[in-house]
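As structure tokens, the structure follows; a few thoughts come after it.
Numbering (this note's numbering), first residue to last: 693 to 1055.
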């Protein structure tokens, strides 16, 4: 049986990483020698580059921290003041199929992008039983339903759809991931990721309006796109208690741009070949830079092999954390296979367990 590797604080037992009990192939850290002098990545023709499996020893060694804009904090603080500090209008648009423990509704709320956004809300049938709250992020595939398996019986949850990612909700942002990741990239104020992060705050406001008791222990859980966006959003919103970031994207763009991938990052690499002037914008949306400000207890599940999100960027998010932290090492991420499904299921359970831990276990 394949095991997930979960550390207590920074201690990791790498034997648990192996598939079928074997140690993984130790591939070298990809070279950065093919970066152009102006920071423009060349197209690497190695057809197997995106399937590089990095040695755990290399991934557990922190890289040089990415340089950050001098006004990074000021930019995000002003973004929170603009989009995250006030009331948010919302209404129920459809009643969903209830579960044994929760009522499920689809809502519309006013997005930071000045348009309607969709979210799915789960509230326990017995509202007096609410002890926790959860805001759930999603991958670049978007969502058409809540993640029911992520919500314990005592938890009220909201699962917002990032602007442009819900098929039935009109948006100025494109739904296609390769286009969405480039939307507004010419300027930090217009980039799609700014509004995706801001809508995490706004979704939290809606959830606490619906179920105020959820504010006693409000958590975030998101993977891939949602993991990276969560890392950007959470440092500025003190309402959150804990965070789970699974295979987080957008960590350490300086290294992400050196390797081809099967995810949305490849569109960014190709775009920068023709528009290098957009490169500085990405530094405001680097999940590893943002994670330096994330002081709440956080779990990062990072993969040693991931064709869509560079593992070095995932581990960079973990290394950057400045609060109580835990690391869960996945054998793989973003693989459409039985091994991939098994890794996803294990990461899901590790995240649920982390959010359920007593506070005194996180010191």
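Even glycine gets a Cβ: it sits at the ideal position worked out from N, Cα and C.
- Our two residues, residue 1035 and residue 1024, have alpha carbons roughly 7 Å apart in a direct line.
- The C-beta of residue 830 has 16 or more other C-beta atoms within 10 Å across all chains shown, which makes the residue buried.
- For residue 938, DSSP records a beta bridge to 915, 993.
- For residue 852, the uninterrupted beta strand (DSSP E) segment begins and ends at 847–852.
- DSSP places residue 768 in no beta strand (DSSP E) but in the uninterrupted alpha helix (DSSP H) bounded by 764–775.
- Here residue 1020 is buried, its C-beta having at least 16 other C-beta atoms within 10 Å.
- Secondary structure at residue 897: helix, using DSSP grouped into helix, strand and coil.
- Collapsing the DSSP output to three states places residue 829 in coil.
- Shown here, residue 817 sits in coil according to DSSP, grouped into three states, outside any helix or strand.
- Judged by DSSP in its simplified three-state form, residue 796 adopts strand.
- Exposed is the label assigned to residue 769, since fewer than 16 other Cβ atoms lie within 10 Å of its Cβ.
- CA-to-CA, the gap between residue 866 and residue 876 works out to about 11 Å.
- Per DSSP, reduced to three states, the secondary structure at residue 873 is coil, with no helix or strand assignment.
- In the DSSP assignment, residue 784 is bridged to 799.
- Counting only the Cα atoms, residue 820 lies some 40 Å from residue 872.
- Distance check between residue 825 and each of 751, 816, 977 places 816 closest, using alpha-carbon atoms only.
- If you check the CB distance, residue 943 and residue 980 come in under 8 Å.
- Rounded to whole angstroms, the separation of the alpha carbons of residue 1033 and residue 949 is 27 Å.
- Taking the CA atoms as reference points, residue 772 sits about 31 Å from residue 788.
- Shown here for residue 977: same chain residues with a beta carbon closer than 7 Å to its own, the five before and five after excluded, namely 883, 885, 924, 942 in chain order.
- Here residue 901 is exposed, its C-beta having fewer than 16 other C-beta atoms within 10 Å.
- In the three-state DSSP reduction, residue 1007 falls in the helix class (H, G or I).
- Spatial neighbours of residue 905 in its own chain (CB-CB distance under 6 Å, excluding positions within 5 residues in sequence) are listed in chain order as 822.
- When C-alpha distances from residue 874 are compared across 1029, 958, 1048, the shortest belongs to 958.
- Per DSSP, the beta-bridge partners of residue 910 are 825, 932.
- Closest by C-alpha distance to residue 777, out of 761, 814, 835, 898, is 898.
- Nearest to residue 975 by alpha-carbon distance, out of 751, 765, 752, 750, is 765.
- Within the same chain, and ignoring the five residues on either side of residue 880 in sequence, the residues whose Cβ sits closer than 6 Å to its Cβ are 973, 976.
- By DSSP's assignment, residue 812 forms a beta bridge with 798, 851.
- DSSP places residue 959 inside the alpha helix (DSSP H), whose first and last residues are 957–966.
- Excluding residues up to 5 positions away in sequence, 855, 887 lie with their Cβ nearer than 6 Å to the Cβ of residue 805 in the same chain.
- If you compare the alpha carbons of 913, 858, 1044 with that of residue 807, the shortest gap goes to 858.
- In this structure, the CA atom of residue 846 is about 26 Å from the CA atom of residue 939.
- Burial of residue 811 is indicated by the presence of at least 16 other C-beta atoms within 10 angstroms of its C-beta.
- For the set 760, 747, 983, 895, the Cα lying nearest the Cα of residue 828 is the one of 895.
- Per the coordinates, the alpha-carbon of residue 932 lies some 11 Å from the alpha-carbon of residue 986.
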